[in-house]
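**Student:** Below: one structure in structure tokens.
In UniProt numbering, the protein residues as written are 1 to 244.
Below, the structure is given as structure tokens:
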């Protein structure tokens, strides 16, 4: 059965669902002399005077900096004041086991503003293995819902796709998404917009960002970190890892 072309009605509905997102590209980079005020992983994070490197309080194991995102000119559009956002994970604890409800295993750190007078250098703990430095660059993009989450976001759009293609509605929907965005939907790292779920949609609030596996960190054969926030309290951020 040949798939029908995306109908004008479907394309119009997708135009109404578009949300901006900020695509994140992680790439190996020569380590700059100073990384505290750069978006990166594998370098020195931003700290303020009196702070220590985060650890798992139950084991004493230092947490690994998975990413630091420095907002330049408000491009990341956080739902809370944030000049620097960091995520640390107990990457070298019990392999492959992360309890999303256990705050001892991770830390989502937000600095509302950069305070040069308070900035401090905290050395990377010797217990953490050496890793290369990776830059993280940001580019604006557009986003449309994952087909797994379409029922939650726009039941009318899913119904239209079913009307067009029956049980093969996902193919029609994703072809229409590719036509609107100019590219096929894929996994990756970004802030804002919609998530692309690896193992089905399990949002725990409003989607905030997702961070993909890369050369430095791989969760399973393929894995993504997902973050959501509570609209009533945007500073309350939840985390989940999906892998295969």
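Even for Gly, the Cβ is constructed at its ideal location relative to N, Cα and C.
As a quick exercise: from 59, 151 and 118, pick the residue whose alpha carbon is nearest that of residue 93.
**Tutor:** Counting from 1 along the chain shown, the entry for residue 93 is found at position 93. Nearest C-alpha to residue 93: 59.
**Student:** Where in the region 124-188 do unbroken runs of the alpha helix (DSSP H), each at least 4 residues long, occur, reported from the N-terminal end onward?
**Tutor:** As far as the region 124-188 is concerned, its whole alpha helix (DSSP H) runs of at least 4 residues are 150-153, 155-165 and 169-181.
**Student:** What are the boundary residues of the alpha helix (DSSP H) that residue 9 is part of?
**Tutor:** Position 9 of the chain shown, counted from the start, is the residue given in the question as residue 9. Start and end: 8-17.
**Student:** Kindly provide the ranges of any beta strand (DSSP E) runs that are 3 or more residues long and lie completely inside the region 61-90, ordered along the chain.
**Tutor:** As far as the region 61-90 is concerned, its whole beta strand (DSSP E) runs of at least 3 residues are 64-70 and 84-89.
**Student:** Are three or more beta carbon pairs between the region 206-224 and the region 156-175 nearer than 8 Å?
**Tutor:** With the cut-off at 8 Å, the region 206-224 and the region 156-175 do not touch.
**Student:** Determine the burial state of residue 173: buried for a count of at least 16 other Cβ atoms within 10 Å of its Cβ, exposed for fewer.
**Tutor:** Position 173 of the chain shown holds residue 173. With 16 or more Cβ atoms within 10 Å of its Cβ, residue 173 is classed as buried.
**Student:** Output needed for residue 10: all residues of its chain with C-beta closer than 6 Å, excluding positions within five of it in sequence on either side, in chain order.
**Tutor:** Counting from one through the chain shown, the residue named residue 10 turns up at place 10. Excluding residues within five positions, the ones whose Cβ falls inside 6 Å are 160 and 176.
**Student:** Would you check if the distance between the CB atom of residue 18 and the CB atom of residue 144 is smaller than 8 Å?
**Tutor:** Looking up residue 18 in the chain shown gives position 18. Looking up residue 144 in the chain shown gives position 144. Yes, the Cβ-Cβ distance between residue 18 and residue 144 is below 8 Å.
**Student:** Count the other CB atoms, across all protein chains shown, that sit within 10 Å of the CB of residue 129; report buried if there are 16 or more and exposed otherwise.
**Tutor:** What you label residue 129 is simply residue 129 of the chain shown in a count that begins at 1. By the neighbour-count rule (16 or more Cβ atoms within 10 Å), residue 129 is not buried but exposed.
**Student:** Could you spell out the range, first to last residue, of the beta strand (DSSP E) harbouring residue 108?
**Tutor:** What you label residue 108 is simply residue 108 of the chain shown in a count that begins at 1. Here the beta strand (DSSP E) through residue 108 covers 106-111.
**Student:** DSSP state of residue 57, grouped into three classes?
**Tutor:** Numbered from its first residue, the chain shown carries residue 57 at position 57. Of the three classes helix, strand and coil, the one that applies to residue 57 here is coil, per DSSP.
**Student:** If you drop the 5 nearest sequence neighbours on each side, which residues of the same chain put their C-beta closer than 8 Å to that of residue 48?
**Tutor:** As a position in the chain shown, residue 48 is number 48, starting the count at 1. Result list for residue 48: 111, 115, 118, 119 and 120, in chain order.
**Student:** Using beta-carbon positions only, say whether residue 106 and residue 41 come within less than 8 Å of one another.
**Tutor:** For the purposes of this step, residue 106 is taken as the residue at position 106 of the chain shown. For the purposes of this step, residue 41 is taken as the residue at position 41 of the chain shown. No, they are not a contact pair.
**Student:** Which partner residues does residue 217 have in the DSSP bridge list?
**Tutor:** Walking along the chain shown from the start, residue 217 turns up at place 217. Residue 217 pairs with nothing; no bridge assigned.
**Student:** Let me check understanding here. Comparing Cα to Cα, which of 14, 138 and 8 lies closest to residue 26?
**Tutor:** Locating residue 26 in the chain shown gives position 26, where the first residue counts as 1. Cα-wise, what sits closest to residue 26 is 138.
**Student:** If the criterion is Cβ atoms closer than 8 Å, does the pair residue 149 and residue 195 meet it?
**Tutor:** By one-based count along the chain shown, residue 149 stands at place 149. By one-based count along the chain shown, residue 195 stands at place 195. For residue 149 and residue 195, yes; Cβs fall inside 8 Å.
**Student:** Tell me which same chain residues have a C-beta within less than 6 Å of the C-beta of residue 233, skipping the five on either side of it?
**Tutor:** As a working note, residue 233 is residue 233 in the chain shown. Taken in chain order, the list of residues that qualify is empty.
**Student:** Once you ignore the five residues that flank residue 132 on each side, which residues in its own chain have a CB closer than 7 Å to its CB?
**Tutor:** Position 132 of the chain shown, counting from 1, holds the residue named residue 132. Only 28, 42 and 216 meet the Cβ criterion.
**Student:** Once the 5 residues before and after residue 230 are set aside, which same chain residues still bring their CB inside 7 Å of it?
**Tutor:** Translated into positions along the chain shown, residue 230 becomes position 230. Here the set comprises 205 and 236.
**Student:** If you drop the 5 nearest sequence neighbours on each side, which residues of the same chain put their C-beta closer than 7 Å to that of residue 223?
**Tutor:** As a first step, residue 223 must be located in the chain shown, where it is residue number 223. Here the set comprises 213, 241, 242 and 243.
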